[in-house]
Structures are given as C-alpha cells and as structure tokens.
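First to last, the protein sequences are chains A and B. All the letters of the first sequence, read from the start, carry residue numbers 1 to 293 under my numbering. All the letters of the second sequence, read from the start, carry residue numbers 1001 to 1293 under my numbering. For every residue, glycine included, the Cβ atom is placed at its ideal position computed from N, Cα and C. Small disclaimer: the values here were computed from a predicted structure and weren't measured. Let me begin by presenting the structure, written as structure tokens, before commenting on it.
2 protein chains.
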Amino acid sequence: MIGVDWGTSRFRAYRLGDGGAVLARREAALGVAMLQAADFPLVLEREIGDWLGETAGPVVLAGMVGSRQGWVEAPYLACPADAARIAAYAMPVEAPGASKAWIVPGLIARDAQGRADVLRGEETQLIGLMATLGDSAATICLPGTHSKWAEVAGGTIRGFATHMTGEMYDLILNRSMIGRVAAEGPPDDRAFAAGIGRAREGDGLLHQLFGARAAVLAGDLAGVALPSYLSGLLIGHEVFTVAPPSQVHVLAGTGLADRYAQALAIFGIRAIVHDADLAAAGLWRIGRALKVT
Amino acid sequence: MIGVDWGTSRFRAYRLGDGGAVLARREAALGVAMLQAADFPLVLEREIGDWLGETAGPVVLAGMVGSRQGWVEAPYLACPADAARIAAYAMPVEAPGASKAWIVPGLIARDAQGRADVLRGEETQLIGLMATLGDSAATICLPGTHSKWAEVAGGTIRGFATHMTGEMYDLILNRSMIGRVAAEGPPDDRAFAAGIGRAREGDGLLHQLFGARAAVLAGDLAGVALPSYLSGLLIGHEVFTVAPPSQVHVLAGTGLADRYAQALAIFGIRAIVHDADLAAAGLWRIGRALKVT
C-alpha cells in the first residue's frame, strides 16, 4: 500500500508493508499551494512512479490535496468518525498507471453550540496514535500552525477544536509592531514561563500582546527574551482556553513537544509525548478499511 | 505657536492662534519610519519654513518623533501626567532659524500589578479632549492600530491600557490563512454584531479566529461577511477585556467611531463620539505650559 500526506507546503509519500511498517519514504516541497489541479497526477508519477507499478493495494492520499484548491474536493465528513467511516467517504481519482487511488475527506466537528471546526490531514495522525492507545477515552494535542485538540475514544475521533497559535506566533514576531522590538537569542525558559503566567491572568490577548512590546520599551523585558515570552503567552492562552484534563497526549517534533509539555506542567497537566510521525500508521489503517482490493 | 503631530507614517503641522485656534494646517507622508535623525530639521524647514520665521511662540512636536527612531529621544514620562508636567519634560531641539522647538515625551503607565504600557502622540488628543470635558473623571477610548483606553480626571491622564486591535485586524485579514477565505463586500452590520456576540463568550481569541475560517469553509458564514465578522470579534474582545463603565468618550474618524459606538451599545455602554482632530488643541495646551516665551 502507498500512503501520501499531501499538505499545503509539502508532499510526503510512504510505501507501507504489513501492519503499516514504513518500507520507504519520499518527501518533496511540492505542496498544494504550488500546484494546479492538473499537476497532481503528474507530480505523483514523477515522485513515486516506480512505486506505483510494483505496489499491491491502494494509494491513499490525505491533507489539503482533498481541499477545493487540491486535486479533487473531498467534502468534510462530520465527526464522530473512525478509519472505516473516513474510508467509506474517500473519493476515487484517476492515478497514473493501473493504480487505484483515493483522497480521504477532511473532518468537520461542531461544538455544543453548533459552531464548526475543520481539519484536513491531521485525522491520519489521530488514527495512527489511537492504534497505540487502546479503547479508552483520551485528549490528543497536535501543536503547530493551527493546533488541534481532539477527543478520541475506541478508535473514533469524537470532536476537536483548533487554535491558530503557531500562525499567530509567526505573524506577531515577523509581521507586527510587537515583533519589531525583538532581538535574536537562544530559547529562554524563564521568559516562556513568564508568558504562560501572563496568559493565565486571562485579561485579554490583544492587550497582553501590546504589553509585550511595552515591556521591552519600558526596559522590563529584554528584546532577546521576547520570542520566548510571546511563545509562552500564546501557548498559555491556548491551554487556558482548552482547560484540558489531567493527562494529555502530545504529538509533535521534539522542540515543540517540549514547549507544550512545559506549558502543560505549569497548568498541572501531565503530557505524554509521542513521535509526530504517525501519519503513515493512520494512512495504512484508512487504506485497509477501503472497500477495494 | 506651531504644533506638529509627527507619527510613524505622517507629518501633520498646525499653525495655532489664540486659544489654540487652527489658523493653517499642512500634512505630508513623511513619517518617522521613513527618516533618519539628520532629516528631521530639514523636513521641518521644507514643510513649514515659511511659518517658522513669522510665528511667535514655540514649536511643539509630539509622537514618534520623540522615540529612539526619531529626532531626539524624549524618555517616557510616568503617569499621572497633565499638560504642565508633559511640558516640563519636553526636550529642546535645534530647529531651523531662530525658532525654539521642543519634543514632548511619550507616557508610561503601570497597572495595579506594575505592568507597563506606553503611548506617544495620543497624549495630545487626550489633553485636547479634556479641555472640553471639565474636571470630572472620564474614560476615553482612542480606537486605531493600537487602541488606547485612558482614565482621565481634572486635566490629568491617570493611566491607560493599549489593545493591538487595529493591527491585528490587518494581520488577520491580509496576512493570515483566516483572511484567505474572505471576499470583498460592503460592511455587514449583522456579521459585525455576530462577531461581537462570539467575543463575549470569552472562550479564547486564538480558537475563535480559526473558527471564523472554519465557519466560511463549513458554509455557515459568507466570505464577503468575514471582514465585518472579524472586526466585530476583535473590537468585541477589546471591549470585553476593558469592561468599561456605563459611558465612554470615543475619539475617532466617522467609520471607526460608528463601529465602536455600535460595539459599546451591544455591551449596554453609551458612547459619546468626538471629532478625532483634537491633537492641535492638545499641542497648544502643552505649548502654553512650556516655561519659555
């Protein structure tokens, strides 16, 4: 089987063996943002054409490749959803050669007030992680540009909520007047913790963000400490809003996972950190559930 | 007397008569962000050289011209501050010809927890407005890129707090993934009110901002309504955080003043809207308090 995680900025393909073992992987900076609809089969053939001929089983594609800007739009599927339900709503596409390829849908969740939230691609990581968690209910955090907090149980994604934490950090640091008073420096754990402490006071992110600039201008905070302080402030706001249970599973690369674990510890919450690279395991489980051979 | 409001992006000069009457005004896109320290006297001579020779009284300069990136740094003056105290801390500079010129300091305020906030230039509008308010205590809102909420009484600025509402609106709409699903459209009062309503629920701006994107992708909100919704969400967060008294003075241009008045009304607060152009009146009061003739 072949699994492809095809996001806004990157193409990641996995050749998968029994049980979802990763036999080979390829990656390219050929994200959906750079491509037109007609490009997708061409890129697939160029990047993994040799795999396509010699691999049994389907090609499973997940991520922004299924968005309106992707290859074929796979409409959002409503939660609760498991691998079987996601596979049932996958859209078949004409892939190069004789291979059978499916694009999996993104998910839509509605909160108690009926407000929508959406994801595309992260379902593969959630399903991959659930394979190791067993059937009990759990809270999973996927930090990043748009951090996802999902509630799962018994192999099913019950719902989720998104926070634009990573994107906001980039905007504030690199595009705003607040970031202009920042200087380059190593990560500063004390400033990070101070940012989290500030977020917990709950008196408004728009005020607290300007306050970070004011603190530098007033000489209360060093410019080199500002990036860590802002990171703490934003992650702190995210965790404060979520109000997670006493134990959370965190899926992220080392640096980001450490920062979230540190933030959660300040809130008295235990973080169990997992390898972020669980998309392949999820793609395999969705592929196995496809009603094809 | 001559007053100059010299900010990040614009130069605005006023020739002032008795009582602060504006006899003439000139404006240029020659903000502090575009200039080096040596440029300031040259720009002043080029823009208002004819006034300098024939005007009695000092030249009073306010705004980012007094920042580290300006002509001469006029260090922040601690609140509470009135026109006399601001004049006492003004920095003399060598202006063209025989004119006497002073750069007024920005202000620093500390909240009950000792956290700093800063402003530069807005003190002229606050002092200008106070001239018409009498001695009673009042709350003044100056909406904008960095909205200021000031507490004043008896001609004195007692303290203030800043919210990066306008800058955040620009970043989200024009630089973020949330803004990418927006479309051009006329202002939408219902969407604005819906954004304010959402802000009042208090469950986290980072989540609510992503939710605006999700609402469009889910078909719950039209792309053309997104700009008004975001405006309501951000102004709503600002007002929710400030929790103003039952009556607020708002200084802004027509469009922005209307939006704030509408937002405050939803919170059950009365807005008294004033002409935003009160900087000249404030500059005149500060100039009159300078210990020079």
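When DSSP assignments are scanned along the region 1148–1207 of chain B, the uninterrupted stretches of beta strand (DSSP E) that are 3 or more residues long and fall wholly within it turn out to be 1156–1163. Listed along chain B are Met1164, Glu1167, each with a C-beta nearer than 9 Å to that of Ile178 (chain A). The CB of Ala215 (chain A) comes closer than 8 Å to the CB of Arg1115, Ala1116 in chain B, given here in chain order. With fewer than 16 other Cβ atoms inside 10 Å of its own Cβ, Arg200 (chain A) counts as exposed. Exposed is the label assigned to Gln247 (chain A), since fewer than 16 other Cβ atoms lie within 10 Å of its Cβ. Secondary structure at Ile103 (chain A): strand, using DSSP grouped into helix, strand and coil. Per DSSP, Ala1116 (chain B) lies in no alpha helix (DSSP H); the unbroken beta strand (DSSP E) holding it starts and ends at 1116–1119.
Between His1207 (chain B) and Thr162 (chain A), the gap from beta carbon to beta carbon is short of 8 Å. Here the alpha carbons of Lys1148 (chain B) and Trp1071 (chain B) stand approximately 24 Å from one another. A buried status is given to Arg213 (chain A), since no fewer than 16 other beta-carbon atoms sit within 10 Å of its beta-carbon. Residue environment for Gln1125 (chain B): buried (at least 16 other C-beta atoms within 10 angstroms of its C-beta).
With fewer than 16 neighbouring CB atoms inside 10 Å of its own CB, Leu1042 (chain B) falls in the exposed class.
DSSP places Tyr89 (chain A) outside any alpha helix (DSSP H), giving it a letter other than H or E.
The alpha-carbon of Gly1197 (chain B) is positioned some 16 Å away from that of Ala116 (chain A). His1237 (chain B): member of the alpha helix (DSSP H) spanning 1226–1242, first to last residue. Excluding residues up to 5 positions away in sequence, Gly166 lie with their Cβ nearer than 6 Å to the Cβ of Gly144 (chain A) in the same chain.
C-alpha of Asp1188 (chain B) to C-alpha of Ala1222 (chain B): approximately 11 Å in a straight line. As for any beta strand (DSSP E) of minimum length 3 sitting wholly inside the region 24–91 of chain A, the runs are 59–62, ordered along the chain. The region 1002–1011 of chain B and the region 1058–1066 of chain B touch, with no fewer than 3 CB-CB distances between them shorter than 8 Å. Fewer than three beta-carbon pairs drawn from the region 1252–1266 of chain B and the region 274–288 of chain A are found closer than 8 Å, and the two stretches are therefore not classed as touching.
Per DSSP, the continuous beta strand (DSSP E) segment holding Arg1015 (chain B) begins and ends at 1011–1016. In the displayed model, Ala1109 (chain B) falls within a strand according to three-state DSSP. Chain-ordered listing is empty here: chain B has no CB closer than 8 Å to the CB of Ala193 (chain A), the nearest sitting near 16 Å. Secondary structure of Gly1020 (chain B) (DSSP, three-state): helix. Listed by position along chain A, the residues whose Cβ is nearer than 9 Å to that of Glu1238 (chain B) are Gly204, Leu206, His207.
Per DSSP, the continuous beta strand (DSSP E) segment holding Ile140 (chain A) begins and ends at 138–142. DSSP links Gly1003 (chain B) through a beta bridge to B:Tyr1014, B:Val1060. Interface with chain A (8 Å Cβ-Cβ cutoff): Gly1211 (chain B) is included.
For Leu278 (chain A), the secondary structure class from DSSP, reduced to helix, strand or coil, is coil.
Going by DSSP, Leu251 (chain A) is part of the beta strand (DSSP E) stretching over 247–251.
In the assembly as shown, Glu1184 (chain B) is an exposed residue. Its beta-carbon has fewer than 16 other beta-carbons within 10 Å.
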